[in-house]
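For my numbering, count along the sequence shown from 1 and bump the result up by 770.
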Amino acid sequence: MIAQALAKLPDFAMFFSGSLALVGLYLLIYTLATSHNEFGLIRQNNLAAALSLGLSLIGFALPLSSAIVHSTTIVDLAVWGIVAIIVQLVVYALVRLVLPNLSSRIASGELAAALFLGAASLAAGVINAAAMSY
Numbered sequence: 771m772i773a774q775a776l777a778k779l780p781d782f783a784m785f786f787s788g789s790l791a792l793v794g795l796y797l798l799i800y801t802l803a804t805s806h807n808e809f810g811l812i813r814q815n816n817l818a819a820a821l822s823l824g825l826s827l828i829g830f831a832l833p834l835s836s837a838i839v840h841s842t843t844i845v846d847l848a849v850w851g852i853v854a855i856i857v858q859l860v861v862y863a864l865v866r867l868v869l870p871n872l873s874s875r876i877a878s879g880e881l882a883a884a885l886f887l888g889a890a891s892l893a894a895g896v897i898n899a900a901a902m903s904y
């Protein structure tokens, strides 16, 4: 029984490390795509930046977890992880259409704008995860 579980450890390590790499890639791309410096603002204790980035990260992690469950290869995981990144970038762009001054509002600590962006990111992540149940 333990031997069977340990035999799957390399697959776990591959999918887990691949997922961590995708999370890192997501954070890099997403923070470059936004007009405000999330990590700089978070270091300054800006709750709005932490809220919007944190919820968008969960909105990315949900479909990524679905991709892990449904992928048979690391390539499947990478492809669907990139799809999840694109979905989150589209959500950010759409929210900016509704709130054109989104980044300045988050940078100034406005929680309403941050929560709306975070909720939109989370909602898209839930729908994206469900859609990945191929």
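Backbone N, C-alpha and C fix where the C-beta goes; we use that ideal spot for every residue, glycine too.
Judging by CA-CA distance, which residue of the options is the nearest neighbour of residue i?
{"i": "Asn871", "options": "Thr843, Gln858, His806, Gly810", "result": "His806"}
{"i": "Ile828", "options": "Ser891, Ser903, Thr801, Ala883", "result": "Ser891"}
{"i": "Arg866", "options": "Met784, Leu779, Thr842, Thr804", "result": "Thr804"}
{"i": "Ser789", "options": "Ser822, Ser835, Tyr800, Gly810", "result": "Ser835"}
{"i": "Leu859", "options": "Phe786, Leu802, Ala775, Pro780", "result": "Leu802"}
{"i": "Val857", "options": "Ala777, Ala893, Ile844, Thr842", "result": "Ala893"}
{"i": "Thr843", "options": "Ile772, Pro780, Gly810", "result": "Pro780"}
{"i": "Asn816", "options": "Ala775, Ser873, Ala899", "result": "Ser873"}
{"i": "Ser841", "options": "Ile772, Met771, Ala899, Leu776", "result": "Ala899"}
Between residue i and residue j, how many whole angstroms is the CB-CB distance? I'm expecting something under 8 Å.
{"i": "Leu847", "j": "Ala837", "result": "5 Å"}
{"i": "Ala895", "j": "Leu795", "result": "Correcting the residue identity first, residue 895 is Gly in this sequence and not Ala. Actually they are not in contact, since the Cβ atoms of Gly895 and Leu795 sit about 16 Å apart, beyond 8 Å."}
{"i": "Ala820", "j": "Glu880", "result": "No, Ala820 and Glu880 are not in contact; Cβ-Cβ is about 13 Å, not under 8 Å."}
Report the three-state DSSP secondary structure of residue i (helix, strand or coil).
{"i": "His840", "result": "helix"}
{"i": "Ser878", "result": "coil"}
{"i": "Thr804", "result": "coil"}
{"i": "Leu869", "result": "coil"}
{"i": "Gln814", "result": "coil"}
{"i": "Met714", "result": "In this structure the chain extends from 771 to 904, so residue 714 is not present and cannot be described."}
{"i": "Ser903", "result": "coil"}
Look at residue i and residue j and say whether their C-beta atoms are less than 7 Å apart.
{"i": "Gly888", "j": "Leu798", "result": "no"}
{"i": "Met784", "j": "Trp850", "result": "no"}
{"i": "Ala883", "j": "Leu864", "result": "no"}
{"i": "Ser822", "j": "Ile876", "result": "yes"}
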